[in-house]
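So the structure is just underneath, and the comments pick up after that.
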Amino acid sequence: MTRRILALVLLLLPGALRAEERLGYYRFPAIHGDTIVFAAEGDLWRVDRRGGIATRLTTHPAEESNPAISPDGKTLAFSAAYEGPTEVYTMPIDGGLPVRRTFEGEGGRTGALVVGWTPGGEVLYATAHESGLPGTELARIDPATGRRTLVPLAQASEGVYTPDGKTLFFTRFAFQGSHTKRYKGGTAQSLWRYTAAPASPRCSGRGGSTSSRTATAR
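Numbering (numbering that gives the first Met the number 0), first residue to last: 0 to 217.
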């Protein structure tokens, strides 16, 4: 979260120093090395973190969102509704033809929102395609093979893997109206930790527990 706030500050600063330039509405910043990719005016843009002129990467009439840069810095994953439902697409970081990677929204279901990448080069995204409960689950897809793996975490909405890929820190329940100041109800977001190794399920701070599928959560 701190990195995203810093990215937004860096994006706004050059315009703030020059009164004649109009400030834009910048969203979903993704950072990799000296590169920042963000969404504005319904498209994706790339800019150097030191400032400069942003390069427009997409010009499709549909809106793109949730960009995420691959670990090697060569590929950009994002969500877009090019063909109806919102799905996961990838394209080269320098721009190019987007390739659809998921088909989660078939049959009127909610589509897929990119969350990030795994250290091994899979795209991590949120989907309600197979969720038996309200909300989403997390899934991974390998752009090279198309192999899809569902992460066994009910109602998980966002997450990030540690560099070794063994632990996932995640939140449950997507951003909603319950996110009010001092709210302490059952749908408040908490930070959870998931490891694939068997362990006693625990949850601290909010009470309750997870199933054995979620291993350690605290």
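Beta carbons: idealized from backbone N, C-alpha and C, even for Gly.
Item, Value
"Buried or exposed for Y193, going by 16 or more other Cβ atoms inside 10 Å?", "buried"
"Using 8 Å as the threshold, is the C-beta distance between A79 and A67 below it?", "no"
"Just to confirm, are R218 and V36 a CB contact at a threshold of 8 Å?", "What is shown of the chain runs 0 to 217, which leaves residue 218 out entirely."
"Can you give, in chain order, each stretch of the beta strand (DSSP E) that sits fully within the region 115 to 146 and has at least 3 residues?", "122 to 126 and 136 to 140"
"Could you check the C-alpha separation between R146 and G120 for me, to the nearest Å?", "12 Å"
"To the nearest angstrom, how far is the alpha carbon of Y81 from that of L96?", "12 Å"
"If we ignore side chains and look at the alpha-carbon of each, how far apart do D262 and D93 end up?", "Outside the shown range of the chain (0 to 217) lies residue 262, about which nothing can therefore be said."
"Could you check if E136 is buried or exposed, using at least 16 other CB atoms within 10 Å of its CB as the buried criterion?", "buried"
"Quick check: the Cα distance between P118 and H31, rounded to an integer number of angstroms?", "13 Å"
"Look at A39 and G23 and say whether their C-beta atoms are less than 8 Å apart.", "yes"
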